[in-house]
Amino acid sequence: MRKTPLAAQIALLLILLSVGATWINYIQDVRILRQVLSASDRGKAEGIAYTVKTLVKNHSESLLAISRALRANLDINQAMTEYVRSGNAKPVRDSLSKLHPQLSAGILSVIDRNKVVIYRADQADASGDRVDFQGLTEALGGETITVAQKEKPQGISLRVLAPITLSNGKIAGVLVVGTLIDDAFAKKLAADAAAEISFASNAGLWASSLPADAKARLSVDVGNIARSLYERGNVFTEDHGAQTARLFAPLRIVDEAVTLIVQADTRASRASMVESQNNFLRTSLSLLLVCVLIGSGFAYYITRPLRLLQKDSRRLTTQYSPGAAVGARNTGNVGNKDNTDNKDNKDNKDNKDNSEGNEVATMVNALQVATKLLAQHADESQRAKEKAEYAAQYDSLTSLPNRFLMEDRLKQALSGAERTQRRVGLLFIDLDNFKTINDSLGHHVGDQVLQEAASRLRGCVREQDTVARLGGDEFVVILPNMNEPDGAGTVARKIVQVLDSPSDFTGSHLLHVSASVGIGIYPTDARDTEELIKCADSAMYHAKGGGRNRYQFFAVEMNERANETLAIESGLRQALERDEFELYYQPQVELPDGNVIGVEALLRWRHPERGLLAPGAFIQIAEERGLIVPMGKWVLNTACRQNRAWQNEGLRPISMAVNVSPLQFQKKEFPEVVSAALNDSGLDYRYLELEITEGALMHDSNITNANIGALKAMGLKLAIDDFGTGYSSLNYLKRLPLSKLKIDRSFVSDIPGDKDDTAIVSAIIAMALSLNLDIIAEGVETAEQADLLLAAGCAKAQGYYFGKPMPAEEMRALLRRSPSVASDASQWQTGDITLRAD
1 MRKTPLAAQI
11 ALLLILLSVG
21 ATWINYIQDV
31 RILRQVLSAS
41 DRGKAEGIAY
51 TVKTLVKNHS
61 ESLLAISRAL
71 RANLDINQAM
81 TEYVRSGNAK
91 PVRDSLSKLH
101 PQLSAGILSV
111 IDRNKVVIYR
121 ADQADASGDR
131 VDFQGLTEAL
141 GGETITVAQK
151 EKPQGISLRV
161 LAPITLSNGK
171 IAGVLVVGTL
181 IDDAFAKKLA
191 ADAAAEISFA
201 SNAGLWASSL
211 PADAKARLSV
221 DVGNIARSLY
231 ERGNVFTEDH
241 GAQTARLFAP
251 LRIVDEAVTL
261 IVQADTRASR
271 ASMVESQNNF
281 LRTSLSLLLV
291 CVLIGSGFAY
301 YITRPLRLLQ
311 KDSRRLTTQY
321 SPGAAVGARN
331 TGNVGNKDNT
341 DNKDNKDNKD
351 NKDNSEGNEV
361 ATMVNALQVA
371 TKLLAQHADE
381 SQRAKEKAEY
391 AAQYDSLTSL
401 PNRFLMEDRL
411 KQALSGAERT
421 QRRVGLLFID
431 LDNFKTINDS
441 LGHHVGDQVL
451 QEAASRLRGC
461 VREQDTVARL
471 GGDEFVVILP
481 NMNEPDGAGT
491 VARKIVQVLD
501 SPSDFTGSHL
511 LHVSASVGIG
521 IYPTDARDTE
531 ELIKCADSAM
541 YHAKGGGRNR
551 YQFFAVEMNE
561 RANETLAIES
571 GLRQALERDE
581 FELYYQPQVE
591 LPDGNVIGVE
601 ALLRWRHPER
611 GLLAPGAFIQ
621 IAEERGLIVP
631 MGKWVLNTAC
641 RQNRAWQNEG
651 LRPISMAVNV
661 SPLQFQKKEF
671 PEVVSAALND
681 SGLDYRYLEL
691 EITEGALMHD
701 SNITNANIGA
711 LKAMGLKLAI
721 DDFGTGYSSL
731 NYLKRLPLSK
741 LKIDRSFVSD
751 IPGDKDDTAI
761 VSAIIAMALS
771 LNLDIIAEGV
781 ETAEQADLLL
791 AAGCAKAQGY
801 YFGKPMPAEE
811 MRALLRRSPS
821 VASDASQWQT
831 GDITLRAD
């Protein structure tokens with residue numbers, strides 16, 4: 001067998017190496033491409049899921065709005081009054097039949113107190129049927145509730161059940177407004193979201209916009225999907241064959257745990273991937289062909305000396321062989337022929353030199369082309385890698401480092417601080433009321449606000465510091481190599497000031513976007529990244545609780561307060577159900593003779609573990625969590641019933657003062673709550689007085705003005721509580737229909753010893769008298785204080801000098817014993833004062 005030439009062996013080796021390198025590079029490029037497209041598809045699916053969740057939430061809220069509008073409809077109220085009087089349901093059906101075509105709800109019904117259906121829009125023959133579905137009993141008792149009611153295996157209904165109250169305060173029936181979430185509803189959401197939408201639970205698939213065959217296939221996997229969500233939360237899958245990407249996301253509709261299935265079309269992504277793969281393949285094949293040519297030429301070039309040596313060896317072997325020697329002697333005498341041979345040899349040498357020069361030029365050109373193609377392909381690969389790495393480490397909206405890169409840099413900063421024995425500051429920043437901007441002005445304005453906030457944050461820090469966006473409106477600033485913690489406070493103060501500067505994002509008015517900043521310090525507060533982030537986050541929430549637009553350092557006490565706050569909140573949510581609230585009453589007296597003219601109702605919580613708690617221990621938490629509204633309603637109803645009970649026992653009528661929370665006063669249904677409390681208790685409006693803080697009245701809104709007008713029309717007395725501690729605007733004293741002004745205890749406690757407080761109290765009394773306002777002073781504890789107030793013109797007071805807050809039985813005994821408490825005042829001065837935070 002003939003041996004393979006050395007040039008062919010070297011050329012084959014170079015070709016194989018080139019093929020391997022080119023193929024590995026191609027596989028790597030395709031892998032990076034798939035990762036980038038998968039991340040893009042995931043982002044698209046998550047965006048659609050967020051849109052659908054928002055649409056479902058908005059639909060639930062629209063049902064509440066429809067319910068309120070129907071209950072306020074005069075025709076419906078008159079028709080229900082006629083039904084209660086005569087039993088004729090026709091006016092009700094006529095009124096609702098005219099309204100129903102204008103509504104987007106799928107269910108509209110009216111049920112009377114006997115649970116008999118008067119009207120049902122989607123089932124004409126249902127009139128007269130008796131029903132008792134979930135939530136109906138509570139609604140007939142006067143509670144507006146929202147329920148998720150299973151209708152059938154393939155659907156679920158969202159319902160708002162609202163009591164219909166007649167003019168006399170009696171509940172005549174229940175209005176039911178709702179919608180059936182089924183395939184039609186899913187198809188509508190799918191059209192709005194531009195994707196296929198399905199809903200499922202552990203029981204199976206019950207609404208989908210998919211075709212029948214695809215819906216059947218999806219139903220088989222619902223059980224596995226539910227288990228995956230329980231274990232991992234969001235589950236993202238890709239089906240390259242079907243060219244779709246699915247996101248299985250948890251969704252809660254009222255009390256129903258539901259799985260949201262979003263199926264996004266990824267054909268555009270797949271087409272882009274195929275085109276890019278083809279481009280990669282063409283480039284790789286071109287590069288491979290060039291490598292083959294270069295390898296072959298290079299192998300031929302480096303083996304040239306060996307080939308020449310082999311040729312000379314064969315020539316010498318032939319020349320000095322026996323046959324060659326004889327031939328040489330026979331031709332040695334032919335001189336002319338030798339001369340001709342010499343000339344031919346010279347020509348052959350010149351031709352050979354020219355041929356070698358052409359070969360070298362061709363190889364140089366080939367090498368230049370190959371080098372250019374290799375460099376171009378390397379640049380494309382590098383750009384693709386850099387793009388993928390950037391997407392994995394930076395936020396696409398603000399171009400700031402994301403959570404992944406932030407945590408990596410924080411670890412590096414802590415490691416460096418441990419070696420150099422220095423500190424690291426971590427600032428956790430949250431924009432205040434950012435959700436309001438998104439809801440009122442739109443997400444495009446919200447994105448502009450986030451971009452502007454990121455730009456301003458970068459301008460507040462050093463080059464070596466890191467500003468990162470964690471998501472939403474949360475940002476983090478890492479301050480490495482700090483000498484003292486005060487440096488972090490300086491940066492935080494600068495950030496609060498810079499972010500609070502107004503900017504024009506809407507083209508019509510300026511926006512003020514403030515921020516709350518929490519500060520954690522390594523190693524003082526924590527010694528690892530996770531704990532340091534928790535510390536800064538906790539401090540940020542403490543800053544929000546302190547009024548927002550401020551910064552707060554972390555302290556261990558914050559965690560203790562946070563745990564205590566959580567325990568109180570949990571207890572408050574059950575206190576009403578467990579009947580743990582009580583009302584204490586503090587007498588209000590006429591200063592000249594000490595006659596009791598009224599009482600103030602003060603809330604107490606008889607905690608099962610901590611005993612009797614004053615409002616200072618839980619009211620702020622109740623207001624922050626929105627629990628103050630049902631608590632305030634309970635206080636109002638209980639106080640009215642108690643005052644009426646005292647009158648029924650033959651005690652002389654007195655005024656009952658009830659404190660109203662600003663959050664409670666901002667509810668547009670508040671006048672209805674007051675009216676219902678008076679009607680249910682039978683108390684005359686003259687004996688109820690509402691005490692409202694300055695902050696609630698200064699909130700100049702349509703709801704505030706409407707509520708003030710409604711309360712004025714009812715003839716109720718409104719008093720300003722804790723006057724002088726808030727805005728203290730003389731304008732609203734003149735403009736609003738107020739009847740009484742209460743001087744805050746902080747001004748009374750130091751008189752007559754403090755000249756400034758004495759002057760302030762005298763000025764407040766003179767101003768109130770000039771405006772024809774009634775005056776009462778809080779916190780009176782000594783006879784000297786009572787005498788000074790009376791001399792200045794204040795004829796009414798309350799405080800420990802006259803009586804501490806007491807249960808209803810003790811107040812009843814006081815009212816029976818004597819109309820005056822002046823002679824008994826001394827007994828209250830030595831009483832238990834642990835509950836002075838009224």
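Read in our numbering, the sequence shown has 628 at position 628, and its numbers run on one by one without any break.
Just so you know, even glycine gets a beta-carbon here, dropped at the ideal spot from N, CA and C.
Assigned exposure category for residue i - 16 Cβ within 10 Å defines buried
i       : result
Ile-24  : exposed
Trp-828 : Note on Trp-828: pLDDT 37, under 50, position unreliable in the model; the coordinate value appears next. So Trp-828 ends up on the buried side.
Ala-249 : buried
Ile-199 : Note that residue 199 corresponds to Phe in the displayed sequence, not to Ile. With 16 or more other Cβ atoms within 10 Å, it is buried.
His-542 : buried
Thr-54  : exposed
Asp-192 : exposed
Gly-518 : buried
Gln-9   : exposed
His-443 : exposed
Leu-17  : exposed
Asn-433 : exposed
Gly-632 : buried
8 Å Cβ shell around residue i - same chain, five flanking residues per side excluded
i       : result
Tyr-394 : Leu-400, Pro-401, Asn-402, Leu-405
Thr-758 : Ile-751, Pro-752, Leu-788
Ala-186 : Ile-197, Ser-198, Phe-199, Ala-207, Ser-208, Ser-209
Asn-842 : This structure does not reach residue 842, given that the chain is present from 1 up to 838, and the question cannot be answered.
Val-780 : Val-748, Ala-786, Leu-789, Ala-797, Gln-798, Gly-799, Tyr-800, Tyr-801, Phe-802
Three-way DSSP call (helix, strand, coil) for residue i in this model
i       : result
Thr-834 : Here Thr-834 scores only 29 on pLDDT, less than 50, and its place in the model is too uncertain to base an answer on.
Val-476 : strand
Arg-578 : coil
Tyr-119 : strand
Ile-760 : helix
Asp-644 : The amino acid at residue 644 is misidentified as Asp; the sequence shows Arg. DSSP places Arg-644 in helix when its eight states are reduced to three.
Ile-145 : strand
Gln-9   : helix
Tyr-585 : strand
Val-160 : strand
Glu-275 : helix
Leu-773 : coil
Pro-737 : coil
Tyr-800 : coil
Gly-425 : strand
Close-in-space but distant-in-sequence residues of the same chain around residue i (CB under 6 Å, 5 per side omitted)
i       : result
Glu-569 : Ile-621, Arg-625
Thr-165 : Ile-171
Leu-603 : Pro-615, Val-635
Asn-234 : Ala-249
Arg-276 : Sequence check: residue 276 is Ser here, not Arg. Cβ within range, chain order: Leu-33.
Ala-468 : Leu-400, Pro-401, Met-406, Val-476
Leu-37  : Ser-269, Met-273
Ile-253 : Ala-148
Cβ neighbours of residue i in the same chain (closer than 7 Å, five flanking residues each side left out)
i       : result
Ile-521 : Arg-423, Gly-425, Pro-485, Ala-488
Asp-41  : Glu-238, Ala-245, Ala-264, Thr-266, Ser-269
Ile-703 : Gln-666, Lys-668
Gly-20  : none
One or two residues paired with residue i in a DSSP bridge
i       : result
Gln-552 : Gly-518
Ser-208 : Ser-198
Phe-747 : Phe-747 is not bridged to any residue.
Leu-175 : Val-110, Ala-162
**OP:** Give a yes or no on contact between the segment 683-692 and the segment 713-722, applying the rule of three or more CB pairs nearer than 8 Å.
**Re:** The answer is yes - the segment 713-722 touches the segment 683-692, with three or more Cβ pairs under 8 Å.
Original post:
Do the segment 128-140 and the segment 205-215 touch if we need at least three Cβ pairs shorter than 8 Å?
Top reply: Result no; under three Cβ-Cβ pairs closer than 8 Å.
**OP:** Determine contact between the segment 493-504 and the segment 446-460, defined as no fewer than three beta-carbon pairs at a distance below 8 Å.
**Re:** Proximity of the segment 493-504 to the segment 446-460 meets the contact definition, three or more beta-carbon pairs being nearer than 8 Å.
Original post:
Does the segment 532-551 come within contact of the segment 585-600, defined as at least 3 CB pairs closer than 8 Å?
Top reply: In short, these stretches do not touch, since the Cβ pair count stays below three.
Original post:
Is there contact here, the segment 678-685 with the segment 627-644, by at least three beta-carbon pairs under 8 Å?
Top reply: Output reads yes: the segment 627-644 touches the segment 678-685.
Original post:
For the 8 Å Cβ check, are there 3 or more pairs between the segment 802-810 and the segment 582-589?
Top reply: Contact between the segment 802-810 and the segment 582-589 is present, with at least three C-beta pairs closer than 8 Å.
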